[in-house]
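Residue numbers (the numbering used here): 2 to 346.
Heads up: the structure comes next, in structure tokens.
So this is what it looks like as structure tokens:
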């Protein structure tokens, strides 16, 4: 691979990382829920999820590229068949739209709670910034993720080093193992769920990439960094008592061990929320292109305007219904990625 191809591979990796590492990851809530609460078994789970991210991301993008899929609907048709794929795509689109709307509302909450702005002002500013980024299409998607992903890596590394220097890293009384069936299945459901969500972005990226080598290398780099990030944050949270009692456990870690980094942490949180919003809008825009005869900036502006009208609603009940259903479909996606043969080049 030449320098240009390596650069594109790193861009794909950054988008992959930025899509998976959403607000739930940055706050530590997802990591506690899927890994840290299970202690030492959760550490093994991190390794399992890391492998699935690397292997599954590469296989998903290569498969999408070889069948010429420009949206996740076309890949779903190949994986799930013509009869089941419309239902899968409909649920996935509703899920991505719901999560994107919740992220926009979350961005407003960051401005309200941390900066003293009104929630509506935070939402409007976020949507304006998202519209500007989206008008640059792939360049905007790459640009924001190439900026934010290293911030998350830097913060995770600093948190790990600071916790180690404080002598609090993985004390024996905090690493009890949970061998329940849920603990064993957790890394598979976590990887499947995030691969399904990332599919909206990874499928069009794979199709538009220069060649298959770039796609494979991008997945390898992205999966490796995701594994390192998971391991660093899981280890830090494993060292923190009572993490199960907090909605944003990483905020408590920051307050306890290194309050001086708190505003950097807030910036990282907002950055991860913003990249999740951009990823959701990008994937939805590519999918809606298939259904609606609109192109370019008009479709982007329509989507942003739609989210501006619904971002004030609460999606808690809707998501509590969709998440379990989406979880089963996500495991089905992981299974079919393994079972389906890759089309020949």
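From the three backbone atoms N, C-alpha and C, an ideal C-beta is built for every residue, glycine too.
Flag this pair as yes or no: are the beta carbons of residue i and residue j separated by less than 8 Å?
i	j	result
residue 36	residue 29	no
residue 43	residue 256	no
residue 210	residue 60	no
residue 275	residue 128	no
residue 125	residue 105	no
residue 76	residue 64	yes
residue 58	residue 203	yes
residue 112	residue 237	no
residue 32	residue 268	no
residue 150	residue 15	yes
residue 93	residue 79	no
residue 331	residue 197	yes
residue 26	residue 253	no
residue 201	residue 21	no
residue 154	residue 226	yes
residue 120	residue 107	no
residue 159	residue 239	no
residue 205	residue 340	no
residue 259	residue 140	no
residue 148	residue 265	no
residue 17	residue 220	yes
residue 344	residue 68	yes
residue 334	residue 189	no
Taking the alpha helix (DSSP H) that residue i belongs to, which residues open and close that run?
i	result
residue 52	41-68
residue 136	120-136
residue 259	Per DSSP, residue 259 belongs to no alpha helix (DSSP H) and is neither H nor E.
residue 4	4-21
For residue i, which of the options has the nearest alpha-carbon?
i	options	result
residue 145	283, 294, 303, 103	283
residue 62	40, 192, 214	214
residue 185	89, 331, 203, 40	40
residue 277	220, 143, 11, 179	143
residue 55	228, 250, 183	228
residue 304	333, 158, 97	97
residue 224	6, 38, 50	50
residue 34	265, 342, 164, 250	250
residue 10	68, 90, 217	217
residue 348	38, 280, 342	Look at the range of the chain in this structure, 2 to 346, and you will see that residue 348 is not part of it.
residue 135	91, 302, 212	302
residue 270	38, 195, 152	152
residue 289	103, 71, 182, 118	71
residue 90	48, 306, 291	291
residue 3	334, 337, 220, 212	212
residue 100	333, 338, 285, 334	285
residue 337	8, 82, 7	82
residue 38	183, 137, 306	183
residue 8	333, 233, 222	222
residue 53	342, 233, 191	191
residue 48	187, 342, 241, 116	187
Once DSSP output is grouped into helix, strand and coil, what is the label at residue i?
i	result
residue 179	coil
residue 151	helix
residue 82	coil
residue 111	helix
residue 29	coil
residue 254	helix
residue 342	coil
residue 36	coil
residue 72	coil
residue 293	coil
residue 281	helix
residue 333	helix
residue 117	coil
residue 303	helix
Please determine whether the Cβ atom of residue i lies at a distance below 7 Å from any heavy atom of the ligand FAD.
i	result
residue 164	This structure lacks the ligand FAD, and indeed carries no ligand of any kind.
Please decide whether residue i counts as near chain C, where near means a Cβ-Cβ distance under 8 Å.
i	result
residue 148	Going by chain labels, chain C is absent from the structure shown, which holds only one protein chain.
My parser needs the alpha helix (DSSP H) runs of 4 or more residues fully inside the region 200-248; what are they? Taking only runs of at least 4 residues, the alpha helix (DSSP H) segments lying wholly in the region 200-248 are 213-239.
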